[in-house]
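Participant:
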Amino acid sequence: MDTCTVVENIYLLAIITVLSVLQNVFFALKVEKECTSPNSHAAAIERVSCANRNCMDSYPTFMAVMWCAGVCLKQAPAAFAGLLYLVVRHKYFIGYMGQTSQSTPGYLFGKRILFFLVLMCLVGILNYLLAHVYGSEYRETVETFTSFTSTLLLIP
Amino acid sequence: MDTCTVVENIYLLAIITVLSVLQNVFFALKVEKECTSPNSHAAAIERVSCANRNCMDSYPTFMAVMWCAGVCLKQAPAAFAGLLYLVVRHKYFIGYMGQTSQSTPGYLFGKRILFFLVLMCLVGILNYLLAHVYGSEYRETVETFTSFTSTLLLIP
Amino acid sequence: MDTCTVVENIYLLAIITVLSVLQNVFFALKVEKECTSPNSHAAAIERVSCANRNCMDSYPTFMAVMWCAGVCLKQAPAAFAGLLYLVVRHKYFIGYMGQTSQSTPGYLFGKRILFFLVLMCLVGILNYLLAHVYGSEYRETVETFTSFTSTLLLIP
Numbered sequence: 009m010d011t012c013t014v015v016e017n018i019y020l021l022a023i024i025t026v027l028s029v030l031q032n033v034f035f036a037l038k039v040e041k042e043c044t045s046p047n048s049h050a051a052a053i054e055r056v057s058c059a060n061r062n063c064m065d066s067y068p069t070f071m072a073v074m075w076c077a078g079v080c081l082k083q084a085p086a087a088f089a090g091l092l093y094l095v096v097r098h099k100y101f102i103g104y105m106g107q108t109s110q111s112t113p114g115y116l117f118g119k120r121i122l123f124f125l126v127l128m129c130l131v132g133i134l135n136y137l138l139a140h141v142y143g144s145e146y147r148e149t150v151e152t153f154t155s156f157t158s159t160l161l162l163i164p
Numbered sequence: 009m010d011t012c013t014v015v016e017n018i019y020l021l022a023i024i025t026v027l028s029v030l031q032n033v034f035f036a037l038k039v040e041k042e043c044t045s046p047n048s049h050a051a052a053i054e055r056v057s058c059a060n061r062n063c064m065d066s067y068p069t070f071m072a073v074m075w076c077a078g079v080c081l082k083q084a085p086a087a088f089a090g091l092l093y094l095v096v097r098h099k100y101f102i103g104y105m106g107q108t109s110q111s112t113p114g115y116l117f118g119k120r121i122l123f124f125l126v127l128m129c130l131v132g133i134l135n136y137l138l139a140h141v142y143g144s145e146y147r148e149t150v151e152t153f154t155s156f157t158s159t160l161l162l163i164p
Numbered sequence: 009m010d011t012c013t014v015v016e017n018i019y020l021l022a023i024i025t026v027l028s029v030l031q032n033v034f035f036a037l038k039v040e041k042e043c044t045s046p047n048s049h050a051a052a053i054e055r056v057s058c059a060n061r062n063c064m065d066s067y068p069t070f071m072a073v074m075w076c077a078g079v080c081l082k083q084a085p086a087a088f089a090g091l092l093y094l095v096v097r098h099k100y101f102i103g104y105m106g107q108t109s110q111s112t113p114g115y116l117f118g119k120r121i122l123f124f125l126v127l128m129c130l131v132g133i134l135n136y137l138l139a140h141v142y143g144s145e146y147r148e149t150v151e152t153f154t155s156f157t158s159t160l161l162l163i164p
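Residue numbers (our numbering), protein chains in the order written: chain H, 9 to 164; chain R, 9 to 164; chain S, 9 to 164.
Next comes the structure, spelled out in structure tokens:
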């Protein structure tokens, strides 16, 4: 198996993963800076730690479902949804640091993206099973449909 | 590399991943509902948060070892052990919400499944290294043995 | 796709993953032992829980970036960096249990390893994109350079 062929199928997912790791490091540095700063309030430390913990708790779930969706169906819509998720997570983190009430819309948006990725996984697996049983292949129709649907996530 | 061939080797693992993600979302919604409910006790919130945190802490460990075991050796026993782990985790979460003492057996059961998956990884890697060095292939014997052993996990 | 060929490209990463899972279980047992021990101080429980939480929070980030680096570029330097990360994490955990001030160097060292792995990912993706666009292949030069650079991580 040529490694280059593998990279061809996952390089967009890898880019999103690297971006998410850089974002994680950014969050961790933000928490560290707030904790070591001499003139920071206990409430601010509590808030930034809580925002970081919420983001970290949902991180493995997001990674698992994004990679599954990308490998089982098609990487482009999965990576696009992942990018949107990162943007939403950033807004959530910044909003949480400011005020708690701002974080709710971001959290709901994240749920919608996760739902879309789970749906992609299910369609990919179902498509494989159907192709395995009936011998017919609906992949191309499904892929076109998914690429179209992923743009609908941009609607706020 | 045809993507369909990749999906053939991992579709059971992907199904378990999707199930685990849905379970994670279920846990998160449970925590959210308990926190926003006006007439919930602080002890109940603390308990459900703790159960969720315990489940989330061990989640990446479980995903990593399940995928390794499935890719290195064989996906069917790994996915079966993963399914058992999800059942055990559900019982652990529900038991934790009721009373702390009920959670201990579930935690021990989870450790046994993880141990089995780690063993599968080690056998798969060892099998590859042996085949690489001696040129002989014990994979078929090992795979039959593993499929048989995974049913032993059902013993309570 | 022969499964054995896949294992050939990832077996070092799988070994590191299994080691990290065993380390996670060791950390969890340490926390459990400290919590159930009758004559342990609240400060010691707090310290070991905090060390465990810090390690667990950064675990999915480390796994994602190590696997990406290993798959996109080359597995040997990625696995070597992963092994160093596990050693550093162990020193961090032990140092945290003793005294808080000892943990800072370990944390910084971990950041340097993560930075190296992120760099490997970026080089791997960039290399693929360049090869895709220009039709030329710098992979071999890059791989030799990376194997050499990974030894520089040993400098304290």
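In this text, a Cβ means the ideal position worked out from N, Cα and C, and glycines have one as well. Model, not experiment: these values are computed from the prediction.
Within 10 angstroms of its Cβ, does R:Thr69 collect 16 or more other Cβ (buried), or is it exposed?
Facilitator: The residue given as residue 69 of chain R occupies position 61 in the second sequence. Buried.
Participant: What does the alpha-carbon distance come out to for the pair H:Tyr100 and H:Ile23?
Facilitator: The residue labelled residue 100 of chain H in the question sits at position 92 within the first sequence. The residue labelled residue 23 of chain H in the question sits at position 15 within the first sequence. Each residue's alpha carbon lies about 21 Å from the other.
Participant: Comparing alpha-carbon positions, which option in R:Leu27, R:Gln31, R:Gln83 and R:Pro46 lies nearest R:Cys63?
Facilitator: Translated into the one-based positions of the second sequence, residue 63 of chain R becomes position 55. The shortest C-alpha separation from R:Cys63 is found at R:Gln31.
Participant: Of the residues S:Leu137, S:Ser28 and S:Lys41, which one's Cα is nearest the Cα of S:Leu92?
Facilitator: One-based indexing of the third sequence puts residue 92 of chain S at position 84. Taking only the C-alpha atoms, the option nearest S:Leu92 is S:Ser28.
Participant: What residues in the stretch 62-73 of chain H bring their beta carbon closer than 7 Å to a beta carbon of chain R?
Facilitator: Asp65, Pro68, Thr69, Ala72 and Val73
Participant: Looking at chain R, is there any beta carbon in it that lies within less than 7 Å of the beta carbon of S:Asn32?
Facilitator: Within the third sequence, numbered from 1, the residue matching residue 32 of chain S stands at position 24. Interface residue, yes.
Participant: Can you pull the chain S residues whose beta carbon is under 9 Å from the beta carbon of R:Leu126, in chain order?
Facilitator: For the purposes of this step, residue 126 of chain R is taken as the residue at position 118 of the second sequence. Residue identity check: residue 126 of chain R is Val in the sequence provided, not Leu. Below the 9 Å Cβ cutoff, chain S contributes Val26, Val29, Leu30 and Val33 as neighbours of R:Val126, in chain order.
Participant: May I have the straight-line CA-CA distance separating H:Tyr77 from H:Glu16, to the nearest angstrom?
Facilitator: Here residue 77 of chain H refers to the residue found at position 69 of the first sequence. Here residue 16 of chain H refers to the residue found at position 8 of the first sequence. A quick correction: the sequence has Ala, not Tyr, at residue 77 of chain H. Per the coordinates, the alpha-carbon of H:Ala77 lies some 16 Å from the alpha-carbon of H:Glu16.
Participant: Is there a C-beta anywhere in chain S that falls below 7 Å from the one on R:Tyr100?
Facilitator: Along the second sequence, one-based indexing puts residue 100 of chain R at 92. No, its Cβ sits nowhere closer than 7 Å to a Cβ of chain S.
Participant: Using the Cβ count rule (16 or more neighbours within 10 Å means buried), how would you classify H:Asn47?
Facilitator: Counting from 1 along the first sequence, the entry for residue 47 of chain H is found at position 39. H:Asn47 is exposed by the Cβ-count criterion.
Participant: How close, in whole Å, do the beta carbons of R:Cys129 and S:Val26 come, if the pair is a contact with beta carbons under 8 Å?
Facilitator: Against the second sequence, residue 129 of chain R aligns to sequence position 121. Against the third sequence, residue 26 of chain S aligns to sequence position 18. Yes, R:Cys129 and S:Val26 are in contact; Cβ-Cβ is about 5 Å, under 8 Å.
Participant: State yes or no: is the C-beta of S:Val39 within less than 7 Å of the C-beta of S:Val14?
Facilitator: Position 31 of the third sequence, counted from the start, is the residue given in the question as residue 39 of chain S. Position 6 of the third sequence, counted from the start, is the residue given in the question as residue 14 of chain S. Cβ distance not < 7 Å, so S:Val39 and S:Val14 don't count as in contact.
Participant: Kindly indicate which three-state DSSP category R:Asn47 falls into: helix, strand or coil?
Facilitator: Here residue 47 of chain R corresponds to residue number 39 of the second sequence, with the count starting at 1. Assignment of R:Asn47 by DSSP, reduced to helix, strand and coil, places it in the coil class.
Participant: Rounded to whole angstroms, what is the Cα-Cα separation between S:Ala50 and H:Cys58?
Facilitator: One-based indexing of the third sequence puts residue 50 of chain S at position 42. One-based indexing of the first sequence puts residue 58 of chain H at position 50. One alpha carbon belongs to S:Ala50, the other to H:Cys58, and they sit about 22 Å apart.
Participant: Excluding the 5 residues flanking R:Arg83 on each side, which residues of the same chain have their C-beta closer than 7 Å to its C-beta?
Facilitator: Here the question's residue 83 of chain R lines up with position 75 in the second sequence. With the sequence shown as reference, residue 83 of chain R is identified as Gln, and Arg is not the correct amino acid for it. If we look at R:Gln83 and ignore the five residues flanking it on each side, its Cβ neighbours are Asn17, Ile18, Leu20 and Leu21.
Participant: Check the Cβ of S:Tyr93 against every Cβ in chain R and list those closer than 8 Å, keeping chain order.
Facilitator: Taking the third sequence and counting its residues from 1, one reaches residue 93 of chain S at position 85. Ordered by position in chain R, no residue passes the 8 Å Cβ test against S:Tyr93, which lies about 14 Å from the chain.
Participant: Would you verify that the beta carbon of H:Cys129 is, or is not, closer than 7 Å to some beta carbon of chain R?
Facilitator: Taking the first residue of the first sequence as 1, we reach residue 129 of chain H at position 121. H:Cys129 counts as touching chain R.
Participant: With 16 as the cutoff for other CB atoms within 10 Å, does H:Cys43 come out buried or exposed?
Facilitator: Your numbering for residue 43 of chain H matches position 35 in the first sequence. Here H:Cys43 is exposed. Its C-beta has fewer than 16 other C-beta atoms within 10 Å.
Participant: Given that S:Ile18 touches chain H, what residues does it touch there, using C-beta distances under 8 Å?
Facilitator: The residue given as residue 18 of chain S occupies position 10 in the third sequence. Under the 8 Å cutoff, chain H gives no residues; its nearest Cβ is about 10 Å from S:Ile18.
Participant: Taking 7 Å as the CB-CB limit, is H:Ala22 close to chain S?
Facilitator: Taking the first residue of the first sequence as position 1, residue 22 of chain H is located at position 14. Yes, its Cβ sits closer than 7 Å to a Cβ of chain S.
Participant: Would you please verify whether the beta carbon of S:Cys80 is less than 7 Å from any beta carbon of chain H?
Facilitator: Locating residue 80 of chain S in the third sequence gives position 72, counting from the first residue. Answer yes: the Cβ-Cβ gap between S:Cys80 and chain H drops below 7 Å somewhere.
Participant: Would you say R:Gly114 faces chain S, with C-beta separation under 7 Å as the test?
Facilitator: For the purposes of this step, residue 114 of chain R is identified with residue 106 of the second sequence, where counting begins at 1. Note on R:Gly114: pLDDT 45, under 50, position unreliable in the model; the coordinate value appears next. Output row for R:Gly114: interface = no.
Participant: Counting only the same chain and skipping the five closest in sequence on each side, list residues whose C-beta sits under 7 Å from that of R:Ile133.
Facilitator: Residue mapping note: residue 133 of chain R aligns to position 125 of the second sequence, counting from 1. Cβ neighbours of R:Ile133 beyond the five flanking positions: Cys80.
Participant: Rounded to whole angstroms, how far is the Cβ of H:Phe124 from the Cβ of H:Ala87, which I believe are closer than 8 Å?
Facilitator: Start at 1 with the first residue of the first sequence, and residue 124 of chain H comes out as number 116. Start at 1 with the first residue of the first sequence, and residue 87 of chain H comes out as number 79. Not confirmed; about 13 Å, so no contact.
Participant: How about R:Thr152 and R:Pro85: are their beta carbons less than 7 Å apart?
Facilitator: What you label residue 152 of chain R is simply residue 144 of the second sequence in a count that begins at 1. What you label residue 85 of chain R is simply residue 77 of the second sequence in a count that begins at 1. No; because the gap between Cβ atoms is not below 7 Å, this pair is not in contact.
Participant: What's the gap between the Cα of H:Leu138 and the Cα of H:Val131?
Facilitator: Looking up residue 138 of chain H in the first sequence gives position 130. Looking up residue 131 of chain H in the first sequence gives position 123. Roughly 10 Å separates the two Cα atoms.
Participant: Quick one: list the residues of chain H neighbouring S:Cys76, beta-carbon separation under 8 Å, in chain order.
Facilitator: Locating residue 76 of chain S in the third sequence gives position 68, counting from the first residue. Within chain H, the residues near S:Cys76 are Ala22, Thr25 and Val26.
Participant: Whole angstroms is fine: what's the gap from R:Met105's alpha carbon to R:Gly118's?
Facilitator: In the second sequence, counting from the first residue as 1, residue 105 of chain R sits at position 97. In the second sequence, counting from the first residue as 1, residue 118 of chain R sits at position 110. Taking the straight line from one Cα to the other gives about 18 Å.
Participant: What separation, rounded to the nearest whole angstrom, lies between the Cα atoms of H:Thr157 and R:Asp65?
Facilitator: To locate residue 157 of chain H, count along the first sequence from 1; it is residue 149. To locate residue 65 of chain R, count along the second sequence from 1; it is residue 57. Using only the alpha carbons, I get a separation of about 33 Å.
Participant: Taking only three categories from DSSP, how would you classify R:Lys119?
Facilitator: On the second sequence, position 111 is the one that residue 119 of chain R refers to. It is helical.
Participant: Closest Cβ-Cβ distance between H:Tyr136 and chain R: below 7 Å?
Facilitator: Within the first sequence, residue 136 of chain H is the residue found at index 128, counting from 1. Cβ-Cβ to chain R under 7 Å: yes for H:Tyr136.
Participant: Taking a Cβ distance cut-off of 9 Å, strictly less, list which residues of the stretch 36-49 of chain R are near chain S, in chain order.
Facilitator: none
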